[in-house]
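> Heads up: the protein sequence lines correspond to chains R, D, X and V, in order. Our numbering applies: residue 2 is where the first sequence begins, and numbers increase by one. Our numbering applies: residue 2 is where the second sequence begins, and numbers increase by one. Our numbering applies: residue 2 is where the third sequence begins, and numbers increase by one. Our numbering applies: residue 2 is where the fourth sequence begins, and numbers increase by one. Take this structure first; my questions come after.
There are 4 protein chains.
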Amino acid sequence: MKNTFGNNISLTLFGESHGEAIGAVIDGLCAGIEIDEGFIKEQLSKRRPSGNTDTPRVEMDEFKIVSGVFNKKTTGTPIAIIIPNTNTNSKAYNYGIARPSHADYTAFVKYGGNEDYRGGGHFSGRITAALVCAGAILLQALKGVGVKIGTHILCCGEEKDTSFSVNSRDVEKEIDKLNARENEAIPLLSDCSDKIREVIRKASENKDSVGGVLQTAIVGMPAGVGEPWFDSVESMLSHVLFSIGGVKGVEFGSGFEMAKMLGSQANDVFRYDENGNAYTETNNNGGINGGITNGMPIIFNSAIKPTPSIAQKQETIDFLNKKNTTLEVKGRHDPAIIRRACVVVDSACALVMCDLLASTYGTSVFKRGIK
Amino acid sequence: MKNTFGNNISLTLFGESHGEAIGAVIDGLCAGIEIDEGFIKEQLSKRRPSGNTDTPRVEMDEFKIVSGVFNKKTTGTPIAIIIPNTNTNSKAYNYGIARPSHADYTAFVKYGGNEDYRGGGHFSGRITAALVCAGAILLQALKGVGVKIGTHILCCGEEKDTSFSVNSRDVEKEIDKLNARENEAIPLLSDCSDKIREVIRKASENKDSVGGVLQTAIVGMPAGVGEPWFDSVESMLSHVLFSIGGVKGVEFGSGFEMAKMLGSQANDVFRYDENGNAYTETNNNGGINGGITNGMPIIFNSAIKPTPSIAQKQETIDFLNKKNTTLEVKGRHDPAIIRRACVVVDSACALVMCDLLASTYGTSVFKRGIK
Amino acid sequence: MKNTFGNNISLTLFGESHGEAIGAVIDGLCAGIEIDEGFIKEQLSKRRPSGNTDTPRVEMDEFKIVSGVFNKKTTGTPIAIIIPNTNTNSKAYNYGIARPSHADYTAFVKYGGNEDYRGGGHFSGRITAALVCAGAILLQALKGVGVKIGTHILCCGEEKDTSFSVNSRDVEKEIDKLNARENEAIPLLSDCSDKIREVIRKASENKDSVGGVLQTAIVGMPAGVGEPWFDSVESMLSHVLFSIGGVKGVEFGSGFEMAKMLGSQANDVFRYDENGNAYTETNNNGGINGGITNGMPIIFNSAIKPTPSIAQKQETIDFLNKKNTTLEVKGRHDPAIIRRACVVVDSACALVMCDLLASTYGTSVFKRGIK
Amino acid sequence: MKNTFGNNISLTLFGESHGEAIGAVIDGLCAGIEIDEGFIKEQLSKRRPSGNTDTPRVEMDEFKIVSGVFNKKTTGTPIAIIIPNTNTNSKAYNYGIARPSHADYTAFVKYGGNEDYRGGGHFSGRITAALVCAGAILLQALKGVGVKIGTHILCCGEEKDTSFSVNSRDVEKEIDKLNARENEAIPLLSDCSDKIREVIRKASENKDSVGGVLQTAIVGMPAGVGEPWFDSVESMLSHVLFSIGGVKGVEFGSGFEMAKMLGSQANDVFRYDENGNAYTETNNNGGINGGITNGMPIIFNSAIKPTPSIAQKQETIDFLNKKNTTLEVKGRHDPAIIRRACVVVDSACALVMCDLLASTYGTSVFKRGIK
């Protein structure tokens, strides 16, 4: 479905970086969910570049909900969100020179020169602002049924943040801490923000860029959600995560580490606690068995490649004139998108969690509660 | 869509390990593709356990194509494949005891005790035999348009196989070598099969199991296939890969390694060769930029967790009686599924490649050729 | 999705008239629904030709449920049904001569001569046996939540049956009467079966065929089901109805008659009854306002064209040799399919009603009840 | 998918009558299609009320294409269209009183009082302005491959327009005539506009309303498009047609009349013409055999019920206070929507034709041409 995803709660994204507007349509969310526009603004502010580590292009992201919300509550019909593009500066882009690791060349092949190339067009990270808006609405629906999502930078360059207590049943406080952060703060569980900033600053100084690994935890999802084959929780999550530009790897629980373990090390032992609730002592499976939630936190990591736009001179092709050339990317770019990507990943997850809950319990679950 | 995947060419899977039969329905494949049943048998034989490293349950997999093929060619209408279950031995399973890292508990929560628990039911690796059958048909369609897929074991325990020449434009010979292997051979690029067998044998001896990482390469896909957002090549591939039981991580190109690189190291430099064809000097992006193929080989790795069924005594829960207990898994199990999983991954890829080609060029592409 | 339909409960159909088997896969039906194979047989028997009015090809329809049912209850995973073809007699068909009003020519254009033409292949009414099997399972799920469906012949030639009490709130007894009929009986509300048989007999005698209009009523669907735009109840129902070969018109409530009324005549007046339940005094809208059920019976008519296969000599084309020719259809054909089509329409409706209920209330509605 | 329809070319609709804006997103249309905004305006003007026969609410429909079109050509990424609502007058509506034959009551049941009831909200005919915008873009894509669509009023009250030459191979001139009409003109094939206006005027005078039957013809679709089961041309068309408010019946070719014919009368005889092109001498099947186009014009009729909003006092319920009451609808309403509905039906058809062509030939068909 190209730019639409979701079985029961779906999201459609549209827009180009330097066109009139970008936007999103959420369909399927039940009526009566309270929508706090202040929270949407807050989420957008976490995606917004800050002077420190990010691109100097700052959009105020003046979103407008043009349908689907009435008297501050969802109506049950499609919620359309429009974010006009304002701070556009197309002069910095030269069409025809393929920026390495960007979609310029593939877009040219696919769209035959008709693509809106300005600022990366539909491939721009700008589109994620619409995803974050939509995600903020979906996160409010999830909050009402006790589901919370949090993402932090697990590593950046050689620096490593603390990991979520992956083998713990309870990571809610860690999620709360991440979500309560200041807008420009780097989402981290430990106190290593200076080190991370230094990694980014150094890369920026060298006209270079860095990537990193993000780690996400989701709590509150009941056991029994997801499907054995193509709608496994891992399938649905990875589908949306890999839609986000820059994500090149996704692993659940212990992921690639798990591939090196013995079965006796990797298996998560089930136990009942004193209240008769099942849990696992470890969480190498990231809260998912056979594609279905087991009631433990859902934990996964996303590998984010370094921002392709770097200020160094690079060799590349001029695909309009079909010849080799060199390129010095001007324009306004991020030396690292990992800080800003955290809220994007949370938003993507929110879509999948909402859709999975609606698929199992019906779309009215967000009014009725999980039961 | 739960057990159906694909936009233009779709696959539906059904069946339980110890039920009457398992099977698959392929829909959307155009008319006139020649189907060689011998090739399907060959592919099934690569998934079949062999005395050496795998479970002693051996099914002859007597598949039957009951519709959609006439005079050895596809008719254009749904291709249904049935594989009766014969060698079933349900006595070895105790319902109610959750095998750690298996779907017993999550299935119980989801299906409320109505699930066909025998041999893992619909969650059994047995279902992948139907996927392999379908994949064999789809691989024949792909062959006709010059697309080839190959998977090998990249690592198992501490042992490592050679990597595909990931930064090379041409991995076709390596793919051919893998696909020409003997049925019981371990798919490897280098000559380390004894070492891998030894890793598996040792685990088996210790009543334990091992996982590993598989690496897959796809050649022949034209540039310009895939979509910017939710139908990115990575999204579609990961969706199907994570449907396969045991897959806990997927990374494209340099994946998680790429997250540690600087932009200047990670960016793949575009060049034109002497014939005016664009390529990249490295392939850290795994052949995909902005979700769209760039003409380089598509390369990705899948992390396979160690087989959960081990013969050691394990602590777990009895969810029928709601109490803690211990379990010694009897039955017939694989100390490692990585050898058998290679052809399963190839089959999953075949579905996605067919669907992506059909979405871009129309379903008739397999008759008409890519143009 | 070509041969698959349904958002939350989906049905996939496969098979050709003279291939190995036909079949169906139901996906999404929740676990724990009791399946009575006797009822499936009964439904099949209503679709089966009887000596009187129908084709002499009689298949015993020995269906086999090969997955998704365990201990006589649904498991929650895909239910696959296989019906082997036995009584096939391909000699009667000449490939290349387009039977008028049949799909021979269009299939040839679409499939380029690779279609399984024997007995109409995938276009044969035979495929509806698989739909009836699946429908019988879905009807059992619906019965559990109080939803009933009944179809009768509203007119055939000049003969007219009584209409459902379309403006009545209660047509349950009429539905029960239809469903309790003998296998070979013609589904009628009034006592006009002799007249209908005579119409068919006369057509048959003249080597001709007749069509008719079927009327269907559904009771028990709660108000509030369906969606304003593309998943309107009318949209979903008509989508599946027009998939059935021979259906050329669908109208809801007063349908085409309503187009001739004045607003003051057509509007259905809402009232509360003594128990505080809303109803409408008339039911010109067929139980649907704005695409959503209003709690009144859903009523619609389907126009069935006369069976295209007639024994008279007809002019037509030989598309293999690209020339005009004449044709005398031999083989075994129905002078009228309207009797047999009733249970097919019921089955198609059952799919849509199940899917609509699952979309609103979650797939667990069939265990939980509507609330 | 609720408010999204289409497999390869999809349309998403959003908005409420008196909200900020309504709009549409088209996804999947290939890059490079020229978009003439003047044509969109023209199409909107045909949907716009005119002083004569329609509601006095006149919106100027100042649409804005905010994405997906660059340098007056499609970019290949989603085309989003926004139409702000300006002339809103919510005071005329009383929430809680169910307007008979409207969706007020069903929306209340479905959305629990959270629906945007003003002016019918998402159920308003206003949303069709977004459909017409999208349709105008899709019609331009179709024009490029030689497909044309035209709709006229076949009957209104007792008045009847000429029918399309349904049994003719060529109705292109009739379609051209309809499409070349003046904005406020009633789409008719014969010269009966005064009579039709009189029917409407008389109803209006009596505080009443009228419906009618629309007839649509599509030329230029190649043979071989559509699918045997759930994506039959009839299924896809009826799905979208029944999404349009007020449509209560759809019939293809001779439709309900065909149900009364004998097979020998109904069968369309195939012939080759002097140029070796196949055609049928009659077109009772409306250009579709077995769900697939046969190369003849696609012909169908849509029954439009009389506008539910009439100025007469009507009995109904007050669902907020759960009591019977009476209602005099004030506000601004159409005594007939059949004139305005013609362009809406054309737009709905355009979506289906585009999607069917893309599904068979690939989305690039609109650049490449049909081959």
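Backbone N, C-alpha and C define an ideal beta-carbon position, used for all residues, glycine too. Please read all numbers here as calculations on a predicted model, not as lab measurements.
#1: Ignore the nearest five residues each way along the sequence and tell me which others in Leu238(R)'s own chain have a CB closer than 6 angstroms to its CB.
#2: Using the Cα positions of Phe64(D) and Val200(D), report the straight-line distance between them to the nearest angstrom.
#3: Would you mind working out which of Leu30(V), Phe124(V), Ala25(V) sits nearest Ile84(V), comparing C-alpha positions?
#4: Starting from Cys193(X), follow the alpha helix (DSSP H) in both directions and report where the run begins and ends.
#5: Should Thr87(D) go down as buried or exposed, given a rule of 16 or more other Cβ atoms within 10 Å for buried?
#6: What residues match up with Gln266(X) in a beta bridge as DSSP calls it?
#7: Nearest by alpha-carbon distance to Leu139(R): which of Tyr362(R), Lys372(R), Leu358(R) is it?
#8: Using a Cβ cut-off of 7 angstroms, which residues of the region 103–118 of chain R contact any Cβ in chain V, in chain order?
#9: Leaving out the 5 sequence neighbours to the left and right, which residues in its chain are closer than 7 angstroms to Phe40(X) when beta-carbon positions are compared?
#10: For Ser18(D), which residues in chain R fall below 8 angstroms Cβ to Cβ?
#11: Taking only beta-carbon atoms, is Asp171(D) less than 8 angstroms away from chain R?
#12: Taking 7 angstroms as the limit between beta carbons, can you name the residues of its chain near Ser51(D), skipping five residues before and five after?
#13: Closest Cβ-Cβ distance between Leu14(R) and chain D: below 8 angstroms?
#14: When you compare the CB positions of Phe15(V) and Asn4(V), do they come within less than 8 angstroms of one another, or not?
#15: Taking the CB atoms as reference points, tell me whether Asp162(D) and Ile150(D) lie closer together than 8 angstroms.
#16: Three Cβ pairs or more, each shorter than 8 angstroms: is that satisfied between the region 300–311 of chain X and the region 246–264 of chain V?
#17: Mapping DSSP to helix, strand and coil, what is Asp28(R)?
#18: Below 9 angstroms between beta carbons is the criterion; list the residues of the region 267–295 of chain R that meet it against any residue of chain D, in chain order.
#19: So Val62(V) and Ala135(V) are supposed to be a Cβ contact under 8 angstroms. How far apart are they, rounded?
#20: So which residues of chain C does Leu263(R) contact, with C-beta pairs closer than 9 angstroms?
#21: Is Met2(D) close to chain R? Criterion is C-beta to C-beta, closer than 8 angstroms.
#22: When we look at the beta-carbon of Leu321(V) and count the other beta-carbons within 10 Å, is it buried (16 or more) or exposed?
#23: Among Glu175(X), Asp319(X), Gly212(X), whose alpha-carbon lies nearest the alpha-carbon of Gly277(V)?
#24: Strictly below 8 angstroms CB to CB, what residues from chain D border Ile83(X)?
#25: Report the rounded CA-to-CA distance for Ile371(V) versus Lys144(V), giving the unit in angstroms.
#26: Looking only at its chain, what residues have a beta carbon closer than 6 angstroms to the beta carbon of Asn168(V), apart from the 5 residues adjacent to it on each side?
#27: Nearest CA to the CA of Ala32(X): which residue from Gly69(X), Ser46(X), Gly213(X)?
#28: Apply the 10 Å Cβ neighbour rule to Lys323(D) and answer buried if 16 or more other Cβ atoms are within range, or exposed otherwise.
#29: Suppose the cutoff is 6 angstroms on Cβ atoms and the five residues either side in sequence are ignored; what does the same chain contact list for Pro298(V) look like?
#30: Kindly list, in the order they appear in chain X, the residues whose Cβ is closer than 9 angstroms to that of Thr361(R).
#31: Give the interface partners of Gly29(D) over in chain X, defined as CB-CB distance under 7 angstroms, in chain order.
#32: Does Thr317(X) get closer than 8 angstroms to chain V when you measure Cβ to Cβ?
#33: Which value, in whole angstroms, describes the spacing of the CA atoms of Val346(X) and Asn302(R)?
#34: Can you tell me which of His103(V), Ile98(V), Ala224(V), His334(V) puts its alpha carbon nearest to the alpha carbon of Tyr280(V)?
#35: Since Pro79(V) contacts Asp28(V) with CB under 8 angstroms, what's their CB separation in whole angstroms?
#36: Quick check on the burial criterion: 16 or more other C-beta atoms within 10 angstroms. Buried or exposed for Gly77(X)?
Let's see:
#1: Once the five neighbours on either side are set aside, the close Cβ partners of Leu238(R) are Val353.
#2: Roughly 33 angstroms separates the two Cα atoms.
#3: Out of Leu30(V), Phe124(V), Ala25(V), Ala25(V) has the C-alpha closest to the C-alpha of Ile84(V).
#4: No residue range can be given for Cys193(X), since it is assigned to no alpha helix (DSSP H) and is classified by DSSP as neither H nor E.
#5: Within a 10 Å sphere around the beta-carbon of Thr87(D) sit fewer than 16 other beta-carbons, which makes this residue exposed.
#6: None; Gln266(X) has no bridge partner.
#7: A check of alpha carbon separations from Leu139(R) across Tyr362(R), Lys372(R), Leu358(R) identifies Leu358(R) as the nearest.
#8: Shown in chain order are the members of the region 103–118 of chain R whose Cβ falls below 7 angstroms from a Cβ of chain V: Lys111, Tyr112, Gly113, Asn115, Glu116, Asp117.
#9: Ala137, Gln141, listed in sequence order.
#10: What Ser18(D) touches in chain R, judged by beta-carbon distance under 8 angstroms, is nothing: the nearest beta carbon there is about 12 angstroms away.
#11: No, Asp171(D) does not count as interfacial toward chain R.
#12: If we look at Ser51(D) and ignore the five residues flanking it on each side, its Cβ neighbours are Glu185.
#13: Interface residue, yes.
#14: Yes.
#15: Going by C-beta atoms, Asp162(D) is not nearer than 8 angstroms to Ile150(D).
#16: As far as the Cβ criterion goes, the region 300–311 of chain X touches the region 246–264 of chain V, which means the pair count is three or higher.
#17: For Asp28(R), the three-state secondary structure derived from DSSP is strand.
#18: Interface annotation for the region 267–295 of chain R against chain D: Ala267, Asn268, Asp269, Val270, Phe271, Arg272, Tyr273, Gly277, Ala279, Thr281, Glu282, Asn285, Asn286, Gly287, Ile289, Asn290, Gly291, Gly292, Ile293, Thr294, Asn295, criterion Cβ-Cβ distance under 9 angstroms.
#19: Note that residue 62(V) is Asp in the sequence shown, not Val. With a Cβ gap of about 13 angstroms, Asp62(V) and Ala135(V) do not count as contacting.
#20: The chain labelled as chain C is not found among the protein chains of the depicted structure, namely R, D, X and V.
#21: Cβ-Cβ to chain R under 8 angstroms: yes for Met2(D).
#22: Exposed, because fewer than 16 other Cβ atoms sit within 10 Å of the Cβ of Leu321(V).
#23: For Gly277(V), the nearest C-alpha among the options comes from Asp319(X).
#24: Per Cβ cutoff of 8 angstroms: Ala22, Val67, Ile83.
#25: Ile371(V) and Lys144(V): Cα-Cα distance of roughly 12 angstroms.
#26: Once the five neighbours on either side are set aside, the close Cβ partners of Asn168(V) are Thr283, Asn284.
#27: Out of Gly69(X), Ser46(X), Gly213(X), Gly69(X) has the C-alpha closest to the C-alpha of Ala32(X).
#28: Taking all protein chains shown into account, Lys323(D) has fewer than 16 neighbouring C-beta atoms within 10 Å of its C-beta and is therefore exposed.
#29: Taken in chain order, the residues that qualify are Val172, Ala218, Val220, Gly288.
#30: Here the neighbours are Gly363, Thr364, Ser365.
#31: Contacts between Gly29(D) and chain X, judged by CB atoms closer than 7 angstroms, involve Lys3 in chain order.
#32: Chain V contact via Cβ: present.
#33: Whole-angstrom Cα-Cα distance: 49 angstroms.
#34: The shortest C-alpha separation from Tyr280(V) is found at Ala224(V).
#35: 5 angstroms between Cβ atoms; contact.
#36: The Cβ neighbour count for Gly77(X), taken over all protein chains shown within 10 Å, is at least 16; the residue is labelled buried.
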